[in-house]
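Novice:
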Amino acid sequence: MTYTGPVFRPPWEADSLLLQVTVGCAHNTCTFCTMYRDIPFSMDPFEQIERDILEARRLYKNVKRVFLVNGDAFVLSAGRLKPIAEKIIEVFPEVEVITMYASISNVKGKTDEELLELRKLRINELWIGVETAHGKALEYLNKGSYIEDTHTQLKRLNEAGMDFFYGFMYGAAGKGKGIESAIENAKLINSSKPIGIAPTTLSANEGTPLERDVKDGIFILATEREVYEEMKKTIELIETDDLIYYGAHIINSIPFNCVLPRDKEQALVEIDRRVSELDDDYLDSVPARHTI
Ligand code: SF4
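Numbered according to the working numbering, the sequence shown spans residues 1096 to 1387.
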C-alpha cells in the first residue's frame, strides 16, 4: 500500500481500509493547523490507486468501509472520484461506505448532480472540517470559506442524501466569545443534522500563524473556564436527535463520547463536577494542550 508523508484519520475510522488518493492537503493554510504543513499537495495516479485496491483485496477478506486519505481528499473532482469509487465497488462488492475528509469548499466545488452521483457510488458519511459556526472566527481560521457557505453546503449535502460528521473546536473564537460560539455552533448542528460531531479545542500549535498571533497579542486564547462554559452551553442547546458526540480526544478538557440529547443531563453534571474539582487559578489560565 502506498502512504506518503503523515496520514491522519478520525479515531473512529480505525477499522476502515485507508486508501491513499492524495498527498497532503490542497488548502494547507488554516491558521491553526500543522498536519500537512511541510508536505506539498499532489494527486495520486489512478494506476497506483488501482494497484493498492488490488493489494488490499489480497490482504483483507471483508472490507465494509474505506477511508480515502489524505487531508481533504474530497477536493478531487467528481470525475476523479467516480472511477476510484467504481473500482473499489468492483473489487470490494461488500463495501458499504467510502468516506474521507472534506472541506466546505470541496463540497462547493461539486454540482448537485455530481453529489448525487457520488452518493450512489457509496461515497457517504464525510468527515467535514467545519471548525466553527462563528462567522468572524471562521474567517480568522482561514478555512477558505465563509459561514454562509457552511450553512448552504451542508444543506446541499442533506439534499443529496449524503450524511456527514463534522469537526469543530471549542475556543475557536478566542477569549470572551465562547457563549456566542456555542449558540452559533448549536444552531448549525440543529439545522444541518450531522450524524455526529467531533469537537476538539483550539490550540496554538508551534509554528502556526495562530501561535505567532497569540505571542503578538493579536489573538487571545479562551481560558479553561471559558472552554468549559462553551462546552456546557453547546451541549445544553443541542436538540437534534441521536447525535453522536465524539469528544474523546486527548486535546479536550474532558474527553468523552456520548449520544445527545439522550446523555445530556449526565454530560452536564460531569462537566460541573470536573469544574468543581479545579481551582480558580487553573480555570482562569490557558493550559498547554496536546496537539492534534
Ligand atoms: S485543517 Fe484541514 S483543510 Fe485546514 S490546513 Fe489542516 S488539513 Fe488542510
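For each residue, glycine too, the CB sits at the ideal point set by N, CA and C.
If we count Cβ pairs, one from each stretch, closer than 8 angstroms, do we get three or more for the segment 1294-1302 versus the segment 1241-1257?
Specialist: no
Novice: Quick one, are the C-beta atoms of leucine 1305 and glycine 1266 less than 8 angstroms apart?
Specialist: No, the pair does not count as a contact, with Cβ atoms beyond the cut-off.
Novice: What is the DSSP secondary structure of isoleucine 1346, reduced to helix, strand or coil?
Specialist: coil
Novice: Is asparagine 1300 near the ligand SF4, judged by its Cβ being under 7 angstroms from some heavy atom?
Specialist: no
Novice: Count the other C-beta atoms from every protein chain shown that fall within 10 angstroms of the C-beta of lysine 1238, then say buried if there are 16 or more, exposed otherwise.
Specialist: buried
Novice: Around the Cβ of serine 1198, are there at least 16 other Cβ atoms within 10 angstroms (buried) or fewer (exposed)?
Specialist: Serine 1198 should be labelled buried.
Novice: Is methionine 1138 near the ligand SF4, with its Cβ less than 7 angstroms from a heavy atom?
Specialist: no
Novice: Quick one: what's got a C-beta closer than 6 angstroms to alanine 1362's C-beta in the same chain, skipping five residues either side?
Specialist: Ile1330 and Cys1353
Novice: Taking the C-alpha atoms as reference points, what is the distance between valine 1364 and isoleucine 1349?
Specialist: If you draw a straight line from the Cα of valine 1364 to the Cα of isoleucine 1349, it is about 12 angstroms long.
Novice: Quick one: give me the first and last residue of the alpha helix (DSSP H) that valine 1164 is part of.
Specialist: From DSSP, valine 1164 is part of no alpha helix (DSSP H) but of the beta strand (DSSP E) over 1160-1164.
Novice: According to DSSP, simplified to helix, strand and coil, what is glutamate 1181?
Specialist: helix
Novice: How would you call alanine 1383, buried or exposed, if buried means at least 16 neighbouring beta carbons within 10 angstroms?
Specialist: Around the beta carbon of alanine 1383, fewer than 16 other beta carbons sit within 10 angstroms, so the residue counts as exposed.
Novice: Have a look at the DSSP bridge pairing and note the partners of glutamate 1226.
Specialist: Here glutamate 1226 is bridged, per DSSP, to Phe1263.
Novice: Return no unless some Cβ of chain B is closer than 8 angstroms to the Cβ of asparagine 1165.
Specialist: No chain B appears in this structure, which consists of one protein chain only.
Novice: Hey, would you say the C-beta of arginine 1195 is under 7 angstroms away from at least one heavy atom of the ligand SF4?
Specialist: Contrary to the premise, residue 1195 reads as methionine rather than arginine in this sequence. It does not: the Cβ of methionine 1195 is nowhere closer than 7 angstroms to a heavy atom of the ligand SF4.
Novice: Measure the C-alpha to C-alpha separation of glycine 1312 and alanine 1268 and round it to an integer number of angstroms.
Specialist: 14 angstroms
Novice: Taking all protein chains shown into account, do 16 or more other C-beta atoms lie within 10 angstroms of the C-beta of leucine 1154, making it buried, or fewer, making it exposed?
Specialist: exposed
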